[in-house]
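Asks: Using our numbering, you'd call the opening residue of the sequence shown number 1 and step up by one each time. Virtual Cβ for every residue (Gly too), placed ideally from N, Cα, C.
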Amino acid sequence: MQQFEGRVAVVTGGASGIGRALATRFAAEGMNVVLADVERDALEATAAELRDGGAEVLAVETDVSSAESVEALADRAYEAFGAVHVVCNNAGVGGANVAAYRATLADWEWTLGVNLWGVIHGVRAFVPRMLDGGEEGHVVNTASIAGLTPLAGNAPYGVSKAGVVALSEALYLELERRGAPVRASVLCPGIVNTNILDSGRNRPEALRNPVPERPDPAQERLRDEFARNAIAPAEVAAKVFEAIRDHRFWILTHDIDSWIRRRSEGILSRANPQARPRG
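1. Taking only the alpha-carbon atoms, compute the straight-line gap between residue 71 and residue 224 and give it to the nearest angstrom.
2. Look up residue 247 in the DSSP assignment and say whether it is helix, strand or coil.
3. Have a look at 206, 182, 246, 240 and flag the residue whose alpha-carbon is nearest the alpha-carbon of residue 84.
4. Ordered along the chain, which non-local residues of its own chain (more than five positions away) have a Cβ less than 6 Å from that of residue 38?
5. Going by DSSP in three states, residue 140 sits in which element: helix, strand or coil?
6. Would you be able to state if there are at least three C-beta pairs under 8 Å between the region 31 to 46 and the region 4 to 20?
7. Report the residue from 50, 92, 120, 31 whose alpha carbon sits nearest the alpha carbon of residue 144.
8. Measuring alpha carbon to alpha carbon, tell me which residue in 15, 45, 43, 9 is nearest residue 28.
9. Would you kindly report the start and end of the unbroken alpha helix (DSSP H) that includes residue 111?
10. Distance check for residue 184 and residue 244, CA to CA, integer angstroms please.
11. Any idea what DSSP makes of residue 97, helix, strand or coil?
12. In the DSSP assignment, what residue or residues form a beta bridge with residue 61?
13. Using the three-state DSSP reduction, which class does residue 256 fall into: helix, strand or coil?
14. Identify, in the order they occur along the chain, each residue of the same chain with its Cβ nearer than 6 Å to the Cβ of residue 80, setting aside the five sequence neighbours on each side.
15. Assuming residue 14 and residue 86 make a contact with CB atoms under 8 Å, what is their CB distance in whole Å?
16. Use the C-beta contact count for residue 123: other C-beta atoms within 10 angstroms, 16 or more gives buried, fewer gives exposed.
17. What first and last residue would you give for the beta strand (DSSP E) that runs through residue 175?
18. Thinking C-alpha only, which one of 276, 253, 94 is nearest residue 261?
19. Which of the three DSSP states, helix, strand or coil, is assigned to residue 191?
20. Do residue 326 and residue 43 have their C-beta atoms within less than 8 Å of each other?
21. Taking the alpha carbon of residue 259 as the point to measure from, which residue in 99, 155, 146 has its own alpha carbon closest?
22. For the region 97 to 112 against the region 228 to 238, do three or more pairs of beta-carbon atoms, one drawn from each stretch, fall closer than 8 Å, so that the two count as touching?
23. Please list the terminal residues of the continuous alpha helix (DSSP H) segment that includes residue 149.
24. Note down, in chain order, each residue of its chain lying with its Cβ closer than 6 Å to the Cβ of residue 160, except the 5 sequence neighbours on either side.
25. What does the alpha-carbon distance come out to for the pair residue 272 and residue 229?
26. What does the Cβ neighbour count give for residue 52, buried or exposed, with the cut at 16 atoms within 10 Å?
27. Got a sec? Which residues, its chain only, sit under 6 Å from residue 199 by beta carbon, not counting five neighbours each side?
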């Protein structure tokens, strides 16, 4: 895409973190923004801030794990603006820091429901309408470096993000085969300064586990790693905007080439999996 001013962008998980930075960047480019999030107060606060900056904003409380909720989001976006040109299926949760064999069904249902099914619902709700509209457009699905390299200790998260990568690659090829004016990208961020480690605040009551008796040391180590290495969400938003403008599929925020190379070479040599380096 080369034309952004006056176009329409939809961002899920738009009330904080990467989603908020994306919405802010799109608004700065003169786009109308449809902001979706499950947190009503944060959603309204972000929408108000963008409106104060002069942007046209529609805020829609949305649970991306629900197909009906995402379909309603699409309905509202098209009713308000008549078209959608950019969709960022960005809403996500941190998942459960627990071994694959100890993760509960609730852990799997919550993490995959938001991180993977949320993207599936977004693709199904928006892409057919974007294609019918016949205008140029772009879909950005948020995965993670965890979708590209082995992740021990949080299998639900890794599985959800690997699924988003596979879905996005298929979507890109399908749109290309069709010769569609709509493109696709996958965003694979590393450590970003967001509140994803506190995403349990939005976990549905029916999918909650009993509260642990003591703090999780792995969670505390992860918080320390975030404090040392996290980049700003605005840096991610800048890379996403450039990828949309330049028609690039892969959006990586950190240099993990050596990790990807080691994994790829391991597959080709039939080597057993190795944990990725820390830090």
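Replies: This is what the structure gives:
1. 38 Å
2. coil
3. 182
4. 63, 202
5. strand
6. yes
7. 92
8. 9
9. 105 to 115
10. 8 Å
11. coil
12. 37
13. coil
14. 58
15. That belief does not hold up - the Cβ atoms of residue 14 and residue 86 are roughly 12 Å apart, past 8 Å.
16. buried
17. Taken as a continuous stretch (DSSP letters only), residue 175 belongs to no beta strand (DSSP E), being part of the alpha helix (DSSP H) at 155 to 178.
18. 276
19. coil
20. Summary: the structure shown does not reach residue 326, with the chain confined to residues 1 through 279, and so no result is reported for it.
21. 146
22. no
23. Taken as a continuous stretch (DSSP letters only), residue 149 belongs to no alpha helix (DSSP H), as it is neither H nor E.
24. 111, 112, 115, 116
25. 29 Å
26. exposed
27. 93, 94
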